[in-house]
Amino acid sequence: MNPNEATSPAHLLDMDLEGLGAWFTARQEPAFRAKQVMQWVYERGATSFEEMTNLSKPLRELLPRALRLFTSQIVRRAQSQDGTVKLLLQWPDGATSECVMIPTETRRTACISSQVGCPAGCRFCASGLGGLERNLTAGEIVEQVLRVSAEAVASGHRLTNIVFMGLGEPLANYDRVLAAVRTINAPWGPNIGARKITISTVGLPRMIRRLADEGLQLNLALSLHAPNEHLRQELIPWAEKIGLEDLIDACRFYFEKTGREITLEYILLHQVNDHPQHAAQLARFCKQLRCNVNLIRYNPVEGLGYERPTSEASHAFVEYLRQHGVNAHIRTSRGLDIDAACGQLRRKEQQGESQTPVTLTAR
19 MNPNEATSPA
29 HLLDMDLEGL
39 GAWFTARQEP
49 AFRAKQVMQW
59 VYERGATSFE
69 EMTNLSKPLR
79 ELLPRALRLF
89 TSQIVRRAQS
99 QDGTVKLLLQ
109 WPDGATSECV
119 MIPTETRRTA
129 CISSQVGCPA
139 GCRFCASGLG
149 GLERNLTAGE
159 IVEQVLRVSA
169 EAVASGHRLT
179 NIVFMGLGEP
189 LANYDRVLAA
199 VRTINAPWGP
209 NIGARKITIS
219 TVGLPRMIRR
229 LADEGLQLNL
239 ALSLHAPNEH
249 LRQELIPWAE
259 KIGLEDLIDA
269 CRFYFEKTGR
279 EITLEYILLH
289 QVNDHPQHAA
299 QLARFCKQLR
309 CNVNLIRYNP
319 VEGLGYERPT
329 SEASHAFVEY
339 LRQHGVNAHI
349 RTSRGLDIDA
359 ACGQLRRKEQ
369 QGESQTPVTL
379 TAR
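Using this note's numbering, count along the sequence shown one by one with no gaps and you end on 381.
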């Protein structure tokens, strides 16, 4: 291996096992080094090449000059009383994104971002207030998984599930998200089953159909948030370009190709989309799909003008759906005391209001 690599270091987490093997052989090292390195990173949680003690010392010293392992800094960490941990990561170009570790009795879920900012511009969400800055790379997406996995391990658990429900529209960064998914799912990677990975989308019909053809058993969640075209266009500017009928057809196609039931995500906004007539419209919408409904009581974002619905309205809404044959439930809100909803920690950092900076060592 050339001790003075001419090019800037590549991001190790952008590579798959075959690619890393080829990288080693091109530098006169055996291809099996790739498997050794991947085991250290994904099975043992190594955060530096120096920890990889079955590699020779000269190789351990040379690798950091040619490969980057972790490229982000944890600039903010917030932990809720319910155990939810939210991390604000800063990348080398100064861009920031969020990821969250969500604990339940049986799961540890990583909620990760696909973009810096968001192009969808949902009126009630902090993620898109500054628009889209850039896409995250596959390696940056995988790095979030490792950061959250370290939090899970620190609490005595293993990471079990992945949801692409952080900043950004995953299907608008399709190739990089899919590359990250394949790493997350790989036996040599975190090895998280496809059925435990959820892609959440505001709805890009062509990309939903493309995802259906990938041969993966991923869960698909559609961020619906309104039961009719007019209200959806008010809440989600992108919806002006996306007809509900086309979305329904794409979701049907996804179910037909994968056998995976669609989850409809519906954020309940006080006196906006939580009235009885909205429940009735949503029930009729659901009859067109094999789906379940995940109702989410809004986490207020300062300055946006939307409020959390009352408990009475929320429970009346879900009961109406159930009485009309819809598999619906109200998602348990977590991290309310740390503003764990999408984009809020990043927004506070930008406003200079965030919590005390911390540096964490991933484990």
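Beta carbons: idealized from backbone N, C-alpha and C, even for Gly.
Given the structure is predicted, the values throughout are model-derived calculations rather than measurements.
For residue i, three-class secondary structure by DSSP
{"i": "E116", "result": "strand"}
{"i": "P375", "result": "Annotation note: pLDDT 40 at P375 (below 50); position unreliable, no value reported."}
{"i": "H151", "result": "The displayed chain sequence assigns Glu, not His, to residue 151. Looking at E151 - three-state DSSP - the assignment turns out to be strand."}
{"i": "R141", "result": "coil"}
{"i": "A358", "result": "Bear in mind that a pLDDT of 49 at A358, under 50, signals an unreliable position, so the model cannot answer this."}
{"i": "E187", "result": "coil"}
{"i": "E123", "result": "coil"}
{"i": "R78", "result": "helix"}
{"i": "G157", "result": "helix"}
Buried versus exposed call for residue i [16 or more other C-beta atoms within 10 Å across all chains shown]
{"i": "A44", "result": "exposed"}
{"i": "K305", "result": "exposed"}
{"i": "N72", "result": "exposed"}
{"i": "F388", "result": "The shown model of the chain, from 19 to 381, leaves out residue 388, and the question about it has no answer."}
{"i": "G16", "result": "Shown here, the chain extends from 19 to 381; a query on residue 16 therefore has no answer."}
{"i": "H347", "result": "exposed"}
{"i": "L38", "result": "buried"}
{"i": "P205", "result": "exposed"}
{"i": "G323", "result": "exposed"}
{"i": "P82", "result": "exposed"}
{"i": "H29", "result": "buried"}
{"i": "R17", "result": "There is no way to answer for residue 17, as the model of the chain reaches only from 19 to 381."}
{"i": "R94", "result": "buried"}
{"i": "Q162", "result": "buried"}
{"i": "R302", "result": "exposed"}
{"i": "K104", "result": "buried"}
{"i": "D32", "result": "buried"}
{"i": "P375", "result": "Here P375 scores only 40 on pLDDT, less than 50, and its place in the model should not be relied on; the value that follows carries that caveat. Looking at its Cβ environment, which holds fewer than 16 other Cβ atoms inside 10 Å, P375 is exposed."}
{"i": "G462", "result": "What the structure shows of the chain is the stretch from 19 to 381, and residue 462 is not part of that stretch, so it cannot be assessed."}
{"i": "P188", "result": "buried"}
{"i": "P48", "result": "exposed"}
{"i": "E116", "result": "buried"}
Those residues which DSSP pairs with residue i across a bridge
{"i": "K104", "result": "A96 and V118"}
{"i": "C129", "result": "V118 and V181"}
{"i": "Q162", "result": "Paired residue(s): none; Q162 is not in a bridge."}
{"i": "A28", "result": "L85"}
{"i": "T281", "result": "A239 and N310"}
{"i": "G12", "result": "Lying outside 19 to 381, the shown extent of the chain, residue 12 is not represented and no answer is given."}
{"i": "L196", "result": "In the DSSP output, where bridge partners are listed per residue, L196 has none listed."}
{"i": "Q91", "result": "Q108"}
{"i": "L286", "result": "R315"}
Item to complete: Can you check the region 199-275 for any beta strand (DSSP E) of at least 3 residues that lies completely inside it and give the ranges in chain order?
Response: 215-219 and 237-241
Discussion item. Extract the residue ranges of the beta strand (DSSP E) inside the region 306-348, only unbroken runs of 3 or more that lie entirely within it.
Written reply: 309-315 and 346-348
Item to complete: Count the CB pairs spanning the region 98-109 and the region 208-221 that are closer than 8 Å, and state whether there are at least three.
Response: no
Worksheet item: Does the region 301-321 come close enough to the region 126-136 to have 3 or more Cβ pairs within less than 8 Å?
Response: no
Worksheet item: How do the region 243-257 and the region 274-292 stand: do at least 3 beta-carbon pairs fall below 8 Å, yes or no?
Response: yes
Worksheet item: Counting only runs that start and end within the region 30-72, where is the alpha helix (DSSP H) found for 4 or more residues in a row?
Response: 35-43 and 50-56
Worksheet item: Would you call the region 332-346 and the region 148-165 in contact, with 3 or more CB pairs under 8 Å?
Response: no
Item to complete: Give a yes or no on contact between the region 109-128 and the region 189-201, applying the rule of three or more CB pairs nearer than 8 Å.
Response: no
Discussion item. Does the region 252-265 come into contact with the region 227-237, if we say contact requires no fewer than three beta-carbon pairs (one atom in each stretch) closer than 8 Å?
Written reply: no
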